Amino acid sequence: MRTVLIIDDNPAVGEALSLALSLHEIRPLIALTPEQGLAMLESERIDVVIQDMNFTADTTSGEEGIALFRAIRQRHTDLPVILLTAWTHLETAVELVKAGAADYLAKPWDDAKLLATVENLLELSESTREVARARNERRRRREDLQRRYDLDGIVFASEAMARTLELACQVARSEVPVLITGPNGAGKERIAAIVHANSGARRGAFIAVNCGALPGELIEAELFGAEAGAYTGANKAREGRFELADGGTLFLDEIGNLSLSGQVKLLRVLETGQFERLGSGRTRHVKVRVLSATNADLKAMIRAGTFREDLYYRLNVIEVNLPPLAERIDDILPLAEFFLDGRAELGDAARDALLSYPWPGNVRELKNAIERAALLAHDGRIAPEQLNLPQLGPSVVRNLDEPSRESVEAALEKAGGVVSRAAQALGLSRQALYRRMERYGLAQA
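For the sequence shown, position 349 matches number 349 in full-length UniProt numbering, and the numbering has no gaps at all.
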C-alpha cells in the first residue's frame with residue numbers, strides 16, 4: 001500500500017494529515033521526532049515524506065528541518081520530501097527545494113493542494129522505483145554476461161546491446177557461420193571478436209578482412225592466396241586469409257562487396273573446406289570458422305542478381321543484429337567516458353548534446369567527437385561546441401528520448417510548475433530541464 005511518513009512534533013498536525021491521507025487510501029505513519037522518522041525510514045517502505053521544519057519549542061530557525069532533510073537525502077537520495085513551514089521560513093524552504101526537496105507547503109495548508117501534491121509524488125515515486133528496478137536488472141544482467149563470457153572489455157549499458165551480446169555468446173560455441181548485421185561504425189568487428197573469444201576456435205587466429213576496402217580483382221587473392229605471376233604485380237606466392245585463419249576464425253566484413261566469382265569460391269570453402277589459390281590447380285584444405293558482416297540489404301542484392309541466394313543462406317545460419325547507437329541511448333555516456341579515459345570531464349550541456357544527437361556514424365563518430373573534444377578542452381571540462389556536432393536540421397529525426405516542447409509544457413502543468421517534480425517525470429536533472437525551458441522559451445512557473 002502507498003505509504004506517507006509524517007514527521008512533526010505536533011500530534012494534532014499528524015492526526016489531521018493522517019485523516020486526510022487515509023480518506024484517499026494512503027497509509028500514514030507518524031513520527032514525532034527526527035530520530036523516530038529516520039528509524040521508520042529504515043524499517044518501513046516509505047513512498048513520500050512530509051516533514052516539519054522545527055521540532056523544539058520556541059525554535060523558529062528551521063535548522064532542525066534542514067538537518068533532517070539532509071539526513072533523509074543522504075540515506076534515501078530519490079525519496080520525495082515535502083516541507084511543512086510557517087511563512088517566516090519560506091526562504092529556507094525554497095533553498096531546500098533547489099537542493100532537491102520535492103515541494104513545500106505553508107501552514108496552515110490547503111488540503112486539496114496537499115493531496116494533489118502527494119498523489120503526484122506517489123506516482124513519481126512508483127515510476128522512480130520502477131526505473132531503479134529496471135536499472136538494477138540491467139546491471140545484474142550485464143554482470144552475469146561478464147561473468148559467464150569473455151566480452152573482450154566491451155563497454156555497454158543498454159538492454160539492446162545486452163541482447164546482442166547474449167545471442168553472440170550463445171552461438172559462439174557452435175561451428176555454424178554467423179552473419180552480423182548493422183550500420184557502419186556500430187562495432188560489428190567487436191561482436192565478431194567476441195564470438196571468436198567464446199568459441200572452440202578461440203586458441204586459433206582471428207583474421208579480419210574488409211571486403212569493401214579492396215579492389216574487386218584483389219579480393220579473391222586476399223581471401224584464397226595467389227601463386228607468383230597469377231596477376232600483375234604478384235612477384236611471389238602468397239597465402240590468403242583462409243590459410244592464415246586455419247584452425248581459427250575468419251571475419252569477412254562488408255561481405256556484400258565480394259564479387260560473384262569470389263562468392264562461388266567462398267560457397268565451396270564453406271561447404272567442403274577446400275579451395276585453390278589464384279593461378280594454382282592444387283586444392284588446399286582448411287578448417288575455419290567463418291563470420292561475416294554487412295550493412296547492405298543482401299535480400300535486395302539477391303533480387304538484383306548481385307549476391308548468390310545459396311551463399312546468403314549458407315552465411316546466415318545465425319544472424320546477430322547490432323542496433324545503431326541511436327537505439328542504444330544508455331551506451332552513449334559510458335562509451336564517451338571510456339573514450340575520454342579521464343583526460344577531461346563532460347559538462348551537463350555536453351552530456352545533453354551527446355544524448356540528443358542521432359549519431360549517424362555510430363560508435364566510430366562518437367569516438368572521433370570525444371577525441372576532438374578532449375584535445376580542445378583546455379580547462380578540463382568539455383562544452384557542447386567542442387564536440388563539433390552538426391546542427392540538427394528539420395529533416396533529421398530527433399532523438400525519441402529528447403522531450404518535445406509539448407511534453408515539457410505538459411510535465412510542468414502536471415507538476416504544478418514545480419521544476420524538480422517535472423524534471424523527475426521527464427527523467428531529466430533540474431538543470432537539464434531549465435536548459436530546455438530556456439530553449440523552448442518557457443518561463444519558469
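Just so you know, even glycine gets a beta-carbon here, dropped at the ideal spot from N, CA and C.
These figures come from a predicted structure and were not determined experimentally.
Coarse secondary structure for residue i, derived from DSSP in three states
{"i": "P80", "result": "coil"}
{"i": "R304", "result": "A small fix is needed here, since residue 304 is Ala in this sequence, not Arg. Note: A304 maps to helix in three-state DSSP."}
{"i": "L122", "result": "helix"}
{"i": "L298", "result": "helix"}
{"i": "H285", "result": "strand"}
{"i": "R398", "result": "With a pLDDT of only 44 at R398, under 50, the local geometry of the prediction cannot be trusted, and the value read off the model is given with reservation. Reduced to three states, the DSSP call for R398 is coil."}
{"i": "residue 446", "result": "This structure gives no information on residue 446, because the portion of the chain shown stretches from 1 to 445."}
{"i": "F339", "result": "helix"}
{"i": "T272", "result": "helix"}
{"i": "N388", "result": "coil"}
{"i": "A186", "result": "coil"}
Where residue i falls, given that 16 or more other Cβ within 10 Å makes a residue buried
{"i": "T294", "result": "buried"}
{"i": "R436", "result": "buried"}
{"i": "M1", "result": "exposed"}
{"i": "G256", "result": "buried"}
{"i": "K236", "result": "exposed"}
{"i": "K265", "result": "buried"}
{"i": "L428", "result": "buried"}
{"i": "G305", "result": "exposed"}
{"i": "S188", "result": "Rather than Ser, the amino acid found at residue 188 in this sequence is Lys. The residue is buried, with at least 16 neighbouring Cβ atoms inside 10 Å."}
{"i": "R277", "result": "buried"}
{"i": "D379", "result": "exposed"}
{"i": "L29", "result": "buried"}
{"i": "P11", "result": "exposed"}
{"i": "L311", "result": "buried"}
{"i": "H196", "result": "buried"}
{"i": "T272", "result": "exposed"}
{"i": "G62", "result": "buried"}
8 Å contact criterion, which residue i and residue j should meet: CB distance rounded
{"i": "G240", "j": "E254", "result": "Not quite, the Cβ-Cβ distance comes to about 17 Å (not below 8 Å), so this is no contact."}
{"i": "R381", "j": "G342", "result": "Not a contact, Cβ separation roughly 13 Å."}
{"i": "L250", "j": "I207", "result": "5 Å"}
{"i": "V209", "j": "D246", "result": "Their Cβ separation, rounded to whole angstroms, is 15 Å, which puts V209 and D246 out of contact at 8 Å."}
{"i": "V155", "j": "V320", "result": "Actually they do not touch by this definition, with Cβ atoms about 18 Å apart."}
{"i": "P403", "j": "L426", "result": "5 Å"}
{"i": "L387", "j": "A353", "result": "6 Å"}
{"i": "residue 448", "j": "L151", "result": "Past the edges of the chain, shown from 1 to 445, lies residue 448, and the structure says nothing about it."}
{"i": "V118", "j": "L41", "result": "Incorrect: roughly 17 Å between the Cβ atoms, too far for contact."}
{"i": "R421", "j": "D110", "result": "About 17 Å; that fails the 8 Å criterion."}
{"i": "L258", "j": "I219", "result": "6 Å"}
{"i": "F242", "j": "V176", "result": "Wrong, their Cβ atoms sit about 17 Å apart, outside the cutoff."}
Cβ-Cβ distance between residue i and residue j below 8 Å
{"i": "L5", "j": "A39", "result": "no"}
{"i": "V408", "j": "Y357", "result": "no"}
{"i": "L84", "j": "D8", "result": "yes"}
{"i": "I72", "j": "V49", "result": "yes"}
{"i": "V363", "j": "G248", "result": "no"}
{"i": "A162", "j": "R141", "result": "yes"}
{"i": "A106", "j": "F69", "result": "no"}
{"i": "F307", "j": "Q263", "result": "yes"}
{"i": "E64", "j": "N54", "result": "yes"}
{"i": "A415", "j": "N120", "result": "yes"}
{"i": "T279", "j": "G233", "result": "In the sequence as displayed, the identity of residue 279 is Gly instead of Thr. Against a cut-off of 8 Å, the Cβ pair of G233 and G279 comes out as no contact."}
{"i": "A383", "j": "A432", "result": "no"}
{"i": "L376", "j": "A336", "result": "no"}
{"i": "I329", "j": "L355", "result": "yes"}
{"i": "Q36", "j": "V81", "result": "no"}
{"i": "D78", "j": "T3", "result": "no"}
{"i": "A160", "j": "P334", "result": "no"}
{"i": "R284", "j": "F275", "result": "yes"}
Item to check | Whole beta strand (DSSP E) elements within the region 102-156, 3-residue minimum | outcome: 103-106
Item to check | Completely contained beta strand (DSSP E) runs for the region 11-74, where each covers 3 or more residues | outcome: 27-31, 48-52
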